Every structure is written in structure tokens, then in C-alpha cells.
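Enquirer: Below are the C-alpha cells for one structure; questions will follow.
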Amino acid sequence: MLSEAIGEYLALKRDANNIHEHIDEKSVSAIEGKLRRLIDIFDEVPVDSLVLKDAERYRNTLLCLTANINKLAKYRGLSIEDILQSKSEKAMAFKVIRLLVKANLLQNRQIGVLRVLSTH
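For the sequence shown, the positions run 1 to 120 when our numbering is used.
Rendered as C-alpha cells:
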């Protein structure tokens, strides 16, 4: 399942004995936030079920989201669907979306998640 794969990846990053993968907690928290957005959009799905069409859905959903939704109190606790239905103040910048997609693809490639996406 997606959350299990994310948990394993984050544990690897937090493992101080793994000198090739270990990073500081602030960086792990930033990565976790990006990866949790995958679960927000796809829910709890088997990792092997995700395909290229899902990557496109992920990108397109990010394009519709309000900028800084993590920082705005009015969006806390809302589902992605609820946020999408609310009137967007300012859309997320394409540069931010590209970075989110790229970060998730690189992280998922490292743990063998979303194998179909890792080739793009």
C-alpha cells in the first residue's frame, strides 16, 4: 500500500546507520509532506496499481490547487476534493508543481514505488 511504502522510505531516510540515505529531520519532514499529498490525491492504493495516467491525474490535480494550502488555516482538515470545490484564491505556480512531481518521482524511484512513473 502507498502509505506503507512511504513509511518505509521515510524510515530509511531517518536511519542514522544508513550513511547513504540518512538526512536531517527537517528534510525528512519536507519530503513527508510532499509524499503525503500522493495519499491525499490517490487515497490508500496498492503501489503496483499506479500507472502513468495516475501521474497525469496527480499533476492535473496540483494544477488546480490553491497556492500555499498547507499554510492557510481555512484549508486545514479539508479533503483535496473540498479544496478543489472551494474558490481558488491563487493557483499553485507551475514551477512548484513541477518540483513536487519531480521530487515524488525521484523519491519513489529510490524505493521502487510507481515503477511506471519512474521512467518519465
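Glycine included, each C-beta is placed from N, C-alpha and C at the ideal position.
Computed from a prediction, not measured in an experiment: that's the story for all the values here.
(1) Taking residue 65 as the reference, give the member of 78, 54 and 53 with the closest Cα.
(2) What are the uninterrupted segments assigned as beta strand (DSSP E) that are 3 or more residues long and contained completely in the segment 15-48, given in chain order?
(3) Assess contact between the segment 26-45 and the segment 9-18, defined as three or more Cβ pairs (one per stretch) separated by less than 8 Å. Is contact present?
(4) Between residue 1 and the rest of its own chain, which residues show a CB-CB distance below 8 Å, the 5 nearest in sequence each way excluded?
(5) Using alpha carbons as the reference points, say which of 38, 23 and 22 lies closest to residue 56.
(6) Please check the pair residue 136 and residue 33, which I expect to be a contact at CB under 8 Å, by giving their CB distance rounded to whole angstroms.
(7) Please report the straight-line C-alpha distance between residue 8 and residue 24, rounded to a whole angstrom.
(8) Relative to the C-alpha of residue 84, which candidate in 53, 35 and 40 has its C-alpha closest?
Expert: So, to answer that:
(1) Answer by Cα proximity: 78.
(2) The qualifying runs do not exist here; there are none.
(3) Touching, yes, given that three or more Cβ pairs across the two stretches are closer than 8 Å.
(4) Cβ neighbours of residue 1 within its own chain (closer than 8 Å, five residues either side excluded): 44, 45, 46 and 47.
(5) Cα-wise, what sits closest to residue 56 is 38.
(6) For residue 136 there is no data in the structure shown, the boundaries of the chain being 1 and 120.
(7) Those two C-alpha atoms are separated by around 16 Å.
(8) Answer by Cα proximity: 40.
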